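Asks: The numbering used here puts the first residue of the sequence shown at -10, with every later residue one more than the last.
For each residue, glycine too, the CB sits at the ideal point set by N, CA and C.
Quick caveat, the model's predicted, so the values are computed rather than measured.
First the structure, which I've put down as structure tokens, then a few questions once you've had a look.
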Amino acid sequence: MVNRYQYETSPRKLEPDYEPIKEPYSKKKSSTVSKKAEKTQSKRKLKSHFKAMVYVLLIFACLFIISYRNSLINESFNKGETLKANLAAIQKENEQLKVNLENSYNLSNIEELAKTKLGMQKLDNSQKVYVSLDKQDYVEQASEEVVMEDNQNWFEKLLNTLLGK
């Protein structure tokens, strides 16, 4: 057993209980096999990098489409809100015009406008002309007899002509 107590303040290096086996680097391996292995590994790495890039691009495209759709929804919502505000303003103006029309229907207002703008006056007794008419009725009675035909089918018309009705 080794004394593991240490008197110094700095820790000592631990040494492993076994010696790792180190294989010497051999340059004599066949270069064609290693080159083929390196090529396949590089192709695998390229494929994995390509797949990762494709996935990143697909995710980016999906996020772009979602944000574009949301912007279109937001734009149409804003357009709808603008139309609602315009509708409210037009309805308010319409109500004000209705109130103005009702105020202008006042008979005294109409009389005042007729006097000021059109120069009209009320009738005097000298301007009034009375017309007397006879109490006789001028409507003449028809001399011909009006025959009203009911909606009859062809068979009923034939019977009426044969029977002399």
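What's the gap between the Cα of PHE66 and the Cα of ALA74?
Replies: Taking the sequence shown and counting its residues from 1, one reaches residue 66 at position 77. Taking the sequence shown and counting its residues from 1, one reaches residue 74 at position 85. Going from the Cα of PHE66 to the Cα of ALA74 covers about 12 Å.
Asks: Thinking C-beta only, is LYS117 closer than 9 Å to GLN110?
Replies: Locating residue 110 in the sequence shown gives position 121, counting from the first residue. Locating residue 117 in the sequence shown gives position 128, counting from the first residue. No.
Asks: How long is the line joining the alpha carbons of ASN63 and TYR57, rounded to whole angstroms?
Replies: Translated into the one-based positions of the sequence shown, residue 63 becomes position 74. Translated into the one-based positions of the sequence shown, residue 57 becomes position 68. ASN63 and TYR57: Cα-Cα distance of roughly 10 Å.
Asks: Less than 9 Å between the C-beta atoms of ASN83 and ASN92, yes or no?
Replies: The sequence position of residue 83 within the sequence shown is 94, counting from 1. The sequence position of residue 92 within the sequence shown is 103, counting from 1. Contact: no.
Asks: If you reduce the DSSP assignment to three classes, tell me which class LEU102 lands in.
Replies: Walking along the sequence shown from the start, residue 102 turns up at place 113. Residue state, collapsed to three classes: helix.
Asks: For a test of your reading of the model: does the CB of LEU76 fall under 8 Å from any non-hydrogen atom of the ligand FMN? Yes or no.
Replies: The ligand content of the structure shown is nil, which means the ligand FMN is not present either.
Asks: So for ALA131, helix, strand or coil by DSSP?
Replies: Sequence index remark: in the sequence shown, residue 131 carries index 142 (1-based). Correct three-state label for ALA131: coil.
Asks: Alpha helix (DSSP H) containing LEU147: first to last residue?
Replies: Taking the first residue of the sequence shown as 1, we reach residue 147 at position 158. Where LEU147 is concerned, the enclosing alpha helix (DSSP H) stretches over 143 to 152.
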